[in-house]
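Just so you know, the sequence shown maps onto residues 440 to 748 in the numbering used here.
Virtual Cβ for every residue (Gly too), placed ideally from N, Cα, C.
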Amino acid sequence: MRVTIVGSGFVGATTAMRVVQKGMAEVVLIDIIEGLPQGIALDMKESAPVEGFEPQITGTNDYGDTKGSDIVVVTAGLPRQPGMSRMDLLEKNAGIVSGVVEQVREASPEAILIVVTNPLDEMTYLAAEVSGFPRERVLGMAGILDSARLRYFIAEKLGVSPSAVEAMTLGSHGEAMVPLPRQATVQGKPLTELVDDETLEHLYQRTRDGGAEIVQLLKKGSAYYAPSASIAQMVNAIAGDTKETLPVCAWCIGEYGIEDVYVGVPARLGGRGVEEIVELELSGQELARLREAAEGIRAKCRDLAKIRS
Ligand SMILES: NC(=O)c1ccc[n+]([C@@H]2O[C@H](COP(=O)([O-])OP(=O)(O)OC[C@H]3O[C@@H](n4cnc5c(N)ncnc54)[C@H](O)[C@@H]3O)[C@@H](O)[C@H]2O)c1
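Given below as structure tokens:
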């Protein structure tokens with residue numbers, strides 16, 4: 440298994456570390472900045488004797504060195520600064536992502552693309568358009584991260600270990616995130632029996648604003664520990680053909696009554712990428728919110744098409 444990570448900034452470098460340390464695959468780290476991926480790769484290799492892993496990582500500025508990758512993770516692009524929305528990155532990152540994907544298509548025509556660059560849903564659509572890859576081989580990371588943030592906030596609120604909390608969010612990465620209260624449990628008990636509606640709403644809003652809260656604290660750049668953990672879980676599911684069901688940004692063809700648009704849904708991931716979109720039983724309100732999120736993304740993708748033409 441060969442995984443290329445495009446963009447060797449905070450998200451790309453921490454993802455590389457997680458994938459290599461856990462021995463999921465050989466990693467090629469690439470960036471436009473000369474020396475950056477090479478330096479990060481060397482530094483990581485030098486940690487191998489202490490951490491005890493196989494140092495299967497190289498850094499490069501040349502797509503020739505990424506040839507034949509099975510998975511390509513796209514993290515290239517600008518992160519948010521305080522006061523910016525993810526949509527403020529649209530035009531600039533669209534240029535970066537299309538340039539990157541054109542080169543990835545040449546070097547690794549059979550790869551599965553995991554898009555991370557923001558605004559996530561629109562960049563995933565763009566990557567699918569530019570690559571021309573079958574839609575099941577192009578997906579985006581957001582739902583695992585949003586769900587992880589929600590799970591952590593629930594654990595913090597109730598004073599339990601995060602591992603005791605299960606919760607899932609669907610929809611768009613941002614304001615149109617769709618929480619699923621009926622799927623959330625704490626030590627096996629339904630979350631809705633443990634907290635009141637007002638607390639629930641507060642937890643959801645903190646999750647929607649989770650990225651902005653970190654941007655505000657860091658003052659420069661955005662989150663990368665929880666994002667890289669989420670990407671690594673997707674890489675593991677695909678590289679290991681685990682068939683896990685995870686919330687990801689995937690192309691819908693009628694599931695949930697949603698047609699021809701990328702949106703956050705539960706999907707079974709395996710060696711072929713998105714192997715199936717899993718249709719959970721949603722309440723009428725949850726379904727309406729999911730469809731609304733999908734329509735919002737569709738409209739933004741139309742705006743994106745106008746910018747590109
Ligand atoms: N989907 C999510 O949930 C999620 C979470 C966190 C961050 N992000 C997004 O991920 C992206 C990266 O975030 P970061 O914190 O790593 O930013 P960063 O600035 O630390 O790193 C970005 C890297 O991309 C590189 N780059 C720029 N143009 C390139 C090109 N054409 N080819 C190759 N590399 C190029 C830069 O040189 C830089 O090293 C941002 O768009 C951010 O908003 C998404």
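Taking the alpha-carbon positions, what's the I716 to L609 distance? 12 Å
Spatial neighbours of G709 within its chain, please: CB distance less than 6 Å, with the 5 preceding and 5 following residues excluded, ordered by chain position. D680, K682
Between the Cα of A515 and those of A594, D470, Y643, K484, spot the shortest distance and give me the residue it belongs to. D470
Can you grab the Cα-Cα spacing for the pair V629 / E637, in whole Å? With the sequence shown as reference, residue 629 is identified as Pro, and Val is not the correct amino acid for it. P629 and E637: Cα-Cα distance of roughly 16 Å.
Among residues of its own chain, excluding the 5 on either side of V654, which ones have a beta-carbon nearer than 6 Å to its beta-carbon? R519, P521, S661
Tell me the start and end of each unbroken beta strand (DSSP E) in the segment 596-683 that is at least 3 residues and wholly inside, in chain order. 608-610, 616-618
Return the Cβ separation of L559 and G579 in integer angstroms, given the expectation that the two are a contact with Cβ distance under 8 Å. 5 Å
Use the C-beta contact count for A384: other C-beta atoms within 10 angstroms, 16 or more gives buried, fewer gives exposed. Look at the range of the chain in this structure, 440 to 748, and you will see that residue 384 is not part of it.
Please find out if some non-hydrogen atom of ligand 1 comes closer than 7 Å to the beta-carbon of D636. no
Can you check which of these residues, A678, E734, P686, is closest to R441 by C-alpha distance? A678
Which listed residue (Q495, G448, S537) has its alpha carbon closest to that of A744: S537
Under a three-way DSSP split, which group does G491 fall into? coil
Taking 7 Å as the cut-off, is the CB of S661 close to at least one heavy atom of ligand 1? yes
Inter-residue CB distance, Q542 and Y502 (contact presumed, cutoff 8 Å): 5 Å
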